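Notes follow the structure.
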Amino acid sequence: MITAILRIRKVATALACPCLLALTFLMLISACKPVSPDPISSPIVVLTFDDQHYSIYDKAFPIMQEFGFRGTNFVISGAVGNHGFMTWDQIREMELEHAWETGGHTLHHEQLNQLDLDEAEQNLNQDFSNLIQQGLNPRSFALPRGQCPSQVYPIILNLYQNIRGSSDFAMHSPIDRKALGYLAYQSGWSAEPVKHRILRGIMNNEAIIIIGFHRFDAENEGYQDSCPSSVFRQILSFLWQYNLRVLPLHEAVEATMLY
């Protein structure tokens, strides 16, 4: 082990990349024994699931339950119950019986920068109303493709408390609830890019790390956002090994306000 670390130190020094050295050191240590960061000072990890694909309920949800984790579903309310998507019964089950969070994501995944102000307001109000009518408690919203004109933000914030975009960046306390970033899992990835992102967040004392998923086990269908169940399980096992808190988005943001 010591020899391996010394070799890595020489390579990292030569490349002027101390971050690489630290990340690799953490990975080597974790391979030898479980790492248990202080759950209060460590980042809270949020796992979000966009577009209510049925595979979220069928594949990801049972694995999350195995680890005792809960996540946030961002729902396109106008497509609920369509072929390949979850039903309202399934979405309600996840929130009302298992304490997941359900958030808004527009009626049909419209990009808000392509709607005029009245259209955007009508869309957002109807989408929110659809969730409320189902007995859900939406407090977070995900921008489709991360696009939103500045004049639409007040409309969203009149309905929701948290807004997630589509770019990944470090989030330190105090959290800006209207500008939350995330790392979106991409087809073809192993678990390593996600592990490295989480380790970087631990090193940088980030408050929240948001990792986003869309669908599962659909790699042969040409999608760019499908995660194999086996990789998802590796990611959750990594979070469990590091004793990191995994919370729905609204709970995570609220928790950062306590410290």
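Going by the numbering used here, the residue at position 199 of the sequence shown is 267; the numbering climbs one at a time, nothing skipped.
Cβ coordinates follow ideal geometry from the N, Cα and C atoms, glycine included.
Quantities reported herein were computed from a predicted structural model and do not represent experimental measurements.
If the five residues before and after G214 are omitted, its C-beta is found closer than 7 Å to the C-beta atoms of G233, S234 and S235, all from its own chain and listed in chain order. Contact annotation: T155 and G139 have beta-carbon atoms that are not nearer than 8 Å.
In the DSSP assignment, the residues bridged to F284 are C295.
In the structure shown, N205 falls within a coil segment according to DSSP collapsed to helix, strand and coil. No residue range can be given for R245, since it is assigned to no beta strand (DSSP E) and is classified by DSSP as neither H nor E.
Cβ atoms of A128 and F306 stay farther apart than 8 Å, at about 15 Å. DSSP, reduced to helix, strand and coil, places N198 within a helical segment of the structure shown.
Here S258 is exposed: its Cβ has fewer than 16 other Cβ atoms, across all protein chains shown, within 10 Å. Look at the beta carbons and you see the stretch 283-302 not touching the stretch 197-215: under three pairs across the two are nearer than 8 Å. Between the stretch 253-268 and the stretch 214-227, the count of Cβ pairs shorter than 8 Å is below three; the stretches do not touch. No Cβ-Cβ contact shorter than 8 Å links G256 with F237.
The residue among V220, L317, I276 and D244 with its C-alpha nearest the C-alpha of F142 is L317. Minimum Cα-Cα distance from G146 among the listed residues H177, I243, E319 and R207 corresponds to H177. Secondary structure of M154 (DSSP, three-state): coil. Contact between A323 and L315 holds, since their C-beta atoms are separated by about 7 Å, short of 8 Å. Checking the DSSP bridge columns, you'll see I276 partnered with I112 and M239.
DSSP places G149 in the coil class of the three-state scheme, outside both helix and strand. In this structure, L164 and G203 form a Cβ contact; the two beta carbons are roughly 7 Å apart against a cut-off of 8 Å. Counting along the chain, R265 sits inside the alpha helix (DSSP H) bounded by residues E260 to M271. For T324, the enclosing alpha helix (DSSP H) starts and ends at L317 to T324. E169: member of the beta strand (DSSP E) spanning E169 to G172, first to last residue. DSSP places I231 in the uninterrupted beta strand (DSSP E) bounded by N230 to R232. The beta carbons of I144 and D119 sit about 6 Å from each other, so the pair counts as a contact at 8 Å.
The beta carbon of G269 sits closer than 6 Å to those of P111 and I277, all from its chain and outside the five residues before and after it, given in chain order. Boundaries for F137: no beta strand (DSSP E) harbours it, and the DSSP string shows neither H nor E there.
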